[in-house]
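Participant: In the numbering used here, the protein residues as written are -16 to 193. What follows is a single structure, and I will ask about it in a moment.
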Ligand SMILES: [Zn+2]
């Protein structure tokens, strides 16, 4: 087991630009040496996915209830969720540095995305016809299907070359750089960006003193 502090210094942040990237960023610090982990149970995965707009409120409530009724299954889906998170981070981190992602990571994402898509139905509402997972088809894996599907969407989109990893040495968050001149370097300017600025300032003042 990794030794990770239970209480993070901040709540879940949504700065990745896509559900799957925000999911990868639910761990703080580096993946080898995390400073905190926002996902400590199946309920945390549901809470994250609702917060990131991957599930509506009523669905999140139903899933949380089902997890309470079947804690063993929920624990197994939680483990799968953590494996999916590592696969997503592995794939996007590799792509951000111009390397080929691992086949096993792509397979895990693809399987979860395909499992969700196989259950989708064509439904009509006022805005038109679209694909949707039926409410009666709720399975505990549903948040993972939504997240994997988001990962597959980014991976197969024209935005893939906008995927970057935070420039900080102590942060491995991944994000979509949607700035016009593709100049975004930090997961969050007010967080990693400011820390880097403060370090540069300290280095400069140290250099000025000698
Ligand atoms: Zn960062």
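In this text, a Cβ means the ideal position worked out from N, Cα and C, and glycines have one as well.
What is the DSSP secondary structure of residue 146, reduced to helix, strand or coil?
Facilitator: It is a strand residue.
Participant: Would the region 12 to 27 and the region 50 to 69 be scored as touching if the rule is three or more Cβ pairs under 8 Å?
Facilitator: The answer is yes - the region 50 to 69 touches the region 12 to 27, with three or more Cβ pairs under 8 Å.
Participant: Indicate, with yes or no, if ligand 1 has a heavy atom lying under 7 Å from the CB of residue 156.
Facilitator: Flag set: Cβ of residue 156 near ligand 1.
Participant: With residue 160 as the anchor, note down where its alpha helix (DSSP H) starts and where it stops.
Facilitator: No alpha helix (DSSP H) holds residue 160; DSSP gives it neither H nor E.
Participant: Identify, in the order they occur along the chain, each residue of the same chain with its Cβ nearer than 7 Å to the Cβ of residue 272, setting aside the five sequence neighbours on each side.
Facilitator: The first residue shown for the chain is -16 and the last is 193, placing residue 272 beyond what the model contains.
Participant: Identify which residue in 52, 152, 145 has its Cα closest to the Cα of residue 163.
Facilitator: Closest by alpha carbon: 145.
Participant: At 3 residues or longer, and completely inside the region -1 to 33: list those beta strand (DSSP E) runs for me, N to C.
Facilitator: Counting only runs of 3 or more, we get 10 to 12, 17 to 20.
Participant: Return yes when the C-beta of residue 152 is under 7 Å from any heavy atom of ligand 1, and no when it is not.
Facilitator: Incorrect: residue 152 has no Cβ contact closer than 7 Å to ligand 1.
Participant: Give me the residue from 156, 118, 83 with the minimum Cα distance to residue 10.
Facilitator: Nearest of 156, 118, 83 to residue 10, Cα basis: 156.
Participant: Within the same chain, show all residues whose beta-carbon is closer than 8 Å to that of residue 39, passing over the 5 residues directly before and after it, in chain order.
Facilitator: Cβ neighbours of residue 39 beyond the five flanking positions: 33.
Participant: Would residue 89 pass as a contact of residue 106 if the rule is Cβ separation under 8 Å?
Facilitator: Taking 8 Å as the Cβ cut-off, residue 89 and residue 106 do not qualify as a contacting pair.
Participant: Residue 259 by DSSP, collapsed to three states: which one?
Facilitator: The question about residue 259 has no answer, for the chain in this structure spans -16 to 193.
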